[in-house]
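Once you know that position 46 of the sequence shown is 165 in the working numbering, the rest is easy, because the numbers rise by one and skip nothing.
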Amino acid sequence: MKIEAVAIDLDGTLLNSNHEISDFTKKTLFKVRKKGIKLYIATGRLYKSLYRYKEELKIDTPVICYNGAMAVDGKTDEKIFEIPLKNSVVNRLIEISREKEVHLNLFSDEKWYVECTGGELERYEKSSGLRSHLVNFDKIKELKITKGMYVGENKELLEIDSMLEKEFDKKIYKAFSKPYFLEILNENVSKGDTLIKILEKEGIDPQKTVAFGDGFNDLEMINLVGIGVAMENAPEELKSKVDNITVSNDEDGVAKFLIDLLKI
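This is the structure in structure tokens:
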């Protein structure tokens, strides 16, 4: 089967533990592009947080941000679309954060808002390379919030996940991108759905596409394409739900799988 496209998550997948793309992986991806195969980034990050990686790889295809809630033209940096959360959902996320004293990040356009500081804030600042805006959430409730993300211990986030399941059922999309990150989006959003829309618009067969990921927010994307691949560092539960597993992000898992698949 001729592969036409490769879609790749960033954190824990393309990036190593130092949040870098290794030279080996970078060279491999340039070889992939020389074969006429298109590369797509699909991440939970803001566009400005992933921008340097896009530039490193010289990617000019549409970029999937916020786990599919936003797509940006990689050539012009113009927003293609954005699907925000409903205000009623945002208000409830804020209430839960205050009731449970769990850190909440809110994202609007290219800005990241927090209501308190602490270790959880530092954890995300370190991984994203961004600085937050400290505000009272009551003052930004009327903004279009694209993504909410709880940050904390997995045990307390599992409790919140259960609460959200009971309260909202299928009226939101939620997924753990990492055991300590619980992300909440509009119910019509996922990386997988957005990737399929982009591929179809560009005339690419999803069944001739390879997708890589390491988090539960990658599961739809992995399972909607012809060849879905989980990283060795992904949770065991996730790995049990996919057909292909490559070595970890610190062992150039993306590059090694593509070298074997494409014989490059």
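Cβ coordinates follow ideal geometry from the N, Cα and C atoms, glycine included.
Helix, strand or coil for residue i per DSSP?
i	result
valine 348	strand
leucine 276	helix
alanine 188	coil
leucine 134	coil
isoleucine 364	strand
lysine 290	coil
leucine 262	coil
alanine 353	coil
aspartate 371	coil
methionine 120	coil
serine 359	coil
isoleucine 317	helix
glutamate 139	coil
With DSSP as the reference, please indicate the residues paired to residue i in a beta bridge.
i	result
valine 233	Asn224, Leu253
valine 308	Answer is none; valine 308 lacks a bridge partner.
phenylalanine 200	Ala190
glycine 267	Leu225, Ile303
phenylalanine 295	Leu301
valine 125	Leu158, Val329
valine 182	Val191
Alpha carbon to alpha carbon, how far is residue j from residue i? Give it in angstroms, no decimals.
i	j	result
alanine 349	valine 151	19 Å
lysine 146	asparagine 305	36 Å
leucine 253	serine 216	15 Å
aspartate 362	valine 329	12 Å
asparagine 307	isoleucine 291	8 Å
leucine 318	glycine 193	14 Å
valine 233	lysine 121	45 Å
tyrosine 166	alanine 353	24 Å
tryptophan 231	arginine 250	8 Å
alanine 374	threonine 195	27 Å
lysine 327	lysine 293	27 Å
proline 181	aspartate 324	16 Å
aspartate 179	leucine 225	28 Å
lysine 289	serine 359	24 Å
glycine 347	isoleucine 341	4 Å
alanine 126	glutamate 286	33 Å
Can you round the beta-carbon distance between residue i and residue j to whole angstroms, since I take them to be within the 8 Å contact cut?
i	j	result
aspartate 130	phenylalanine 331	Contact flag wrong, Cβ pair sits at about 12 Å.
alanine 190	lysine 310	No, alanine 190 and lysine 310 are not in contact; Cβ-Cβ is about 11 Å, not under 8 Å.
leucine 262	serine 227	4 Å
leucine 134	asparagine 368	7 Å
Which stretch, first to last residue, makes up the alpha helix (DSSP H) that contains residue i?
i	result
methionine 340	338-343
valine 151	142-153
leucine 212	206-219
serine 168	166-175
Could you give the first and the last residue of the continuous beta strand (DSSP E) run that contains residue i?
i	result
isoleucine 383	Neither: isoleucine 383 is in no beta strand (DSSP E) and is coded neither H nor E.
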